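**Student:** Note that this note's numbering gives residue 245 to position 221 of the sequence shown, counting from 1, and the numbers run on in steps of one.
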Amino acid sequence: MNTHSPSNALTALKTRLEALDRAGGHRVGAGAHKERDDVFAPVAAGVLHDLYAAAPADAVAVNAFGLGMALAVAGGRPIVWGLHEMMAQEAGRPHGPGLHEMGLSPRDLLLVRTRDVQTLLAVGEEALRSPAVGAVLLSAWGEARAFNLTASRRLALAAETGGGTLFLARAGALPCPSAAETRWSVASCASEPLEGGAPGRPSFSSTLLRRRDGGATGTWIMEWDREQRIFRPPSPLSGGVVPLAAQRPAAAPGAAGRRAA
25 MNTHSPSNAL
35 TALKTRLEAL
45 DRAGGHRVGA
55 GAHKERDDVF
65 APVAAGVLHD
75 LYAAAPADAV
85 AVNAFGLGMA
95 LAVAGGRPIV
105 WGLHEMMAQE
115 AGRPHGPGLH
125 EMGLSPRDLL
135 LVRTRDVQTL
145 LAVGEEALRS
155 PAVGAVLLSA
165 WGEARAFNLT
175 ASRRLALAAE
185 TGGGTLFLAR
195 AGALPCPSAA
205 ETRWSVASCA
215 SEPLEGGAPG
225 RPSFSSTLLR
235 RRDGGATGTW
245 IMEWDREQRI
255 FRPPSPLSGG
265 VVPLAAQRPA
275 AAPGAAGRRA
285 A
């Protein structure tokens, strides 16, 4: 939905969601969701997760990471991506071939572009209330008063109501208190080349900064596997299995902010 007017964006979204609800949603492929025993298995569904770009230059990485997370937990249901126009201007607009490389097809995704954060949050609430939606990604740039504790609680409640999972991806902003189940800092990193020197899979340095239940945190280097739609540790060309990076304490508070500055 390539529209900027708040009323038009919400009206168009409601129309699409009503059609999905009547159809009972659709599956996007048998491999879209797997029960798996990896570092991201504890990422709960039906809740809010905060994703922050480690630095402004990592805006593309945090969006791609959010898309991967959404695909992994959507359970074959459609994904709604709400894109703040400022994020699009700073980090670039979605590119068809790039989405394809992530394993997304047009039928996987409902894209809603918004000019302001308030409309972006409204899009998130509306989408999360639909049981046909598997996951929602909201991408925003910069600090905004609208991203407050009350707004995050409303989003978390909407996720609980509809059963979808929300990933709130932000760049050019410092972490702030929220009702999120987990909080992540995401940066891009060099990928491992494939056989014959072919470009490697998208690779991310993902730091779990906080878990609501107080569980362990840590940093992992992970690749996105588009065929399996999962994150996994980088594998050597020999095909051997590389163990997960050892968990280590998250960066000290304020470190992400200093890097962003």
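From the three backbone atoms N, C-alpha and C, an ideal C-beta is built for every residue, glycine too. Keep in mind that this is a model prediction, so the values were computed, not measured.
#1: Which word fits Ser163, buried or exposed, when buried means at least 16 other C-beta atoms lie within 10 angstroms of its C-beta?
#2: Are the stretch 127-134 and the stretch 96-108 touching by the rule of at least three beta carbon pairs closer than 8 angstroms?
#3: Name the residue from Tyr76, Arg225, Trp248, Asn32 whose alpha carbon lies nearest to the alpha carbon of Arg207.
#4: For Gly70 and Gly148, which I take to be in contact (beta-carbon distance under 8 angstroms), what is that distance rounded to the nearest angstrom?
#5: Helix, strand or coil for Thr138 per DSSP?
#6: Just the Cα atoms here: how many angstroms apart are Arg169 and Val141?
#7: So, Ser229 versus Ala211, is the Cβ gap smaller than 8 angstroms?
#8: Using the three-state DSSP reduction, which class does Gly70 fall into: helix, strand or coil?
#9: Roughly how many whole angstroms lie between the Cα atoms of Asp82 and Gly90?
#10: Whose C-alpha, out of Ser154, Arg139, Glu114, is nearest the C-alpha of Leu44?
#11: Could you check if Asp74 is buried or exposed, using at least 16 other CB atoms within 10 Å of its CB as the buried criterion?
#12: Could you tell me how far apart the beta carbons of Gly94 and Phe171 are, in whole angstroms, since I believe they sit closer than 8 angstroms?
#13: Could you work out which residue in Ala85, Glu125, Gly127 is closest to Ala115 when comparing CA atoms only?
#14: Going by beta-carbon coordinates alone, are Arg253 and Gly127 separated by less than 8 angstroms?
#15: According to DSSP, simplified to helix, strand and coil, what is Asp249?
#16: Taking the straight line between their C-alpha atoms, what separation do you get for Pro257 and Ser215?
#17: Ordered along the chain, which non-local residues of its own chain (more than five positions away) have a Cβ less than 6 angstroms from that of Ser209?
#18: Buried or exposed: His108, going by 16 or more other Cβ atoms within 10 Å of its Cβ?
#19: How about Met24 and Ala195: are their beta carbons less than 8 angstroms apart?
**Tutor:** Walking through what the data contain:
#1: buried
#2: yes
#3: Tyr76
#4: Not quite, the Cβ-Cβ distance comes to about 14 angstroms (not below 8 angstroms), so this is no contact.
#5: strand
#6: 9 angstroms
#7: yes
#8: coil
#9: 12 angstroms
#10: Ser154
#11: buried
#12: Gly is not the amino acid found at residue 94; the sequence shown has Ala there. Not really, about 19 angstroms apart at Cβ, beyond 8 angstroms.
#13: Ala85
#14: yes
#15: strand
#16: 11 angstroms
#17: Tyr76, Ala78, Thr231, Leu233, Ala280
#18: buried
#19: Outside the shown range of the chain, which is 25 to 285, sits residue 24, and nothing can be said about it.
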